[in-house]
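Enquirer: Read in order, the letters of the sequence shown correspond to residues 1301 to 1516 in this note's numbering.
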Amino acid sequence: MTSIGKLWTISIQPTGRRIRGVIAFTALPVEISDNFKYPETNRSPEFKSKFLSGKIPAFEDNDGFYLFETTAIAEYVASLAPKSGLLGTSPKELALIHQWVSFADAEIAKFTGQISQLLDGTVPYNKEIHAKLTEIQIRSFDTLDKHLSNRAFLVSDKITLADITMASVLSPALNFTLDATLRAKYPNIVEFYERIINHPKLKGINWTREYVAEAK
């Protein structure tokens, strides 16, 4: 089957997992270019002539349509497979999908990233800031775990883009912040994550499968 486009990402990129998940779930023929020289290729004039930000993930189709930013790419690719159900079955479901995608990015992924930057020295370490970021993220885990207490998926009785997105942000959290103590406190989150990553269509994605024992 002829490819409908090309995704630029690298194998370890957490945001790339989300789009890989959508591609795998929909079985759309998309070429994945993950063997280019990062961060050199994406800073080249040729690449930036297509994608002004020079960021990955980035997507181009066969008609010269170019997209960057994870959420935009994931939703666009999902829209090409309406029968997949990834974008729901009604305007209300789509609104809820957007709600949980936004929550995943703004309330979980954001703080995992900021905490990891403190710990790896990208930014100067500050104990008070670390504690505050952890506190905020734990509130988000509270919200998510309660929502999942009586449901298998975030929006409906089937996997949507919201679920793939949430799994993609929980994956790095399980590497850095969602440690054994928190996993015991939030069993619904862990069950949800494992339900998504072990779905037959999603098993092949490079998800986190070994979890951090104790957050720093």
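Here a beta-carbon is modelled for each residue, glycine too, at the ideal position from N, C-alpha and C. None of the values given here were measured: they were computed from a predicted structure.
Can you tell me which of the three DSSP states A1374 falls into?
Expert: Correct three-state label for A1374: helix.
Enquirer: When DSSP labels each residue in this structure, what does K1306 get in the three-state scheme?
Expert: In this structure, K1306 counts as strand in the three-state DSSP scheme.
Enquirer: Going along the chain, which residues of its own chain have a beta-carbon closer than 7 Å to the beta-carbon of K1427, five neighbours each way excluded?
Expert: Cβ neighbours of K1427 beyond the five flanking positions: none.
Enquirer: Between the Cα of R1439 and those of F1453, V1322, A1406, spot the shortest distance and give me the residue it belongs to.
Expert: Of F1453, V1322, A1406, the residue nearest in Cα terms is A1406.
Enquirer: Quick check on the DSSP output: the beta strand (DSSP E) that includes L1367 runs from which residue to which?
Expert: 1366-1368 is the extent of the beta strand (DSSP E) around L1367.
Enquirer: Check the DSSP bridge columns for F1351 and list the partner residues they point to.
Expert: According to DSSP, which records beta bridges pairwise, F1351 is partnered with nothing at all.
Enquirer: Looking at the unbroken beta strand (DSSP E) that takes in F1453, where does it start and where does it end?
Expert: Element bounds for F1453: n/a, residue is neither H nor E.
Enquirer: Determine which residues share a DSSP beta bridge with E1340 and list them.
Expert: E1340 is not bridged to any residue.
Enquirer: Drop a sphere of 10 angstroms on the beta-carbon of I1464, count the other beta-carbons inside from all chains shown, and report buried for 16 or more, exposed for fewer.
Expert: Burial call: buried.
Enquirer: Residues in the same chain with beta-carbon distance under 7 Å from Q1414, minus the five sequence neighbours each way, listed in chain order, please.
Expert: Cβ neighbours of Q1414 beyond the five flanking positions: L1433.
Enquirer: In this structure, does DSSP put A1324 in helix, strand or coil?
Expert: In the structure shown, A1324 sits in a helix (DSSP, three-state: H, G or I).
Enquirer: Quick test of your reading: H1499 and I1459, contact by CB under 8 Å. State the CB separation rounded to the nearest angstrom.
Expert: At roughly 7 Å, the Cβ-Cβ gap stays under 8 Å, so H1499 and I1459 are in contact.
Enquirer: If we ignore side chains and look at the alpha-carbon of each, how far apart do P1357 and G1316 end up?
Expert: One C-alpha to the other measures close to 6 Å.
Enquirer: Might you give, ordered along the chain, the residues of its own chain that have their beta carbon closer than 6 Å to the beta carbon of V1469, omitting 5 neighbours on each side?
Expert: Cβ within range, chain order: A1404, I1408, A1409.
Enquirer: Could you pull out every residue in the same chain whose Cβ sits closer than 6 Å to the Cβ of V1490, ignoring the five residues on either side in sequence?
Expert: Once the five neighbours on either side are set aside, the close Cβ partners of V1490 are R1483.
Enquirer: Does N1342 pass the burial test, meaning 16 or more other C-beta atoms within 10 Å, or should it be called exposed?
Expert: Per the 10 Å Cβ criterion, buried.
Enquirer: Quick one, are the C-beta atoms of S1384 and T1326 less than 8 Å apart?
Expert: Yes; because the gap between Cβ atoms is below 8 Å, this pair is in contact.
Enquirer: Under DSSP, the alpha helix (DSSP H) around D1405 begins and ends at which residues?
Expert: That residue, D1405, is in no alpha helix (DSSP H); it is neither H nor E in DSSP.
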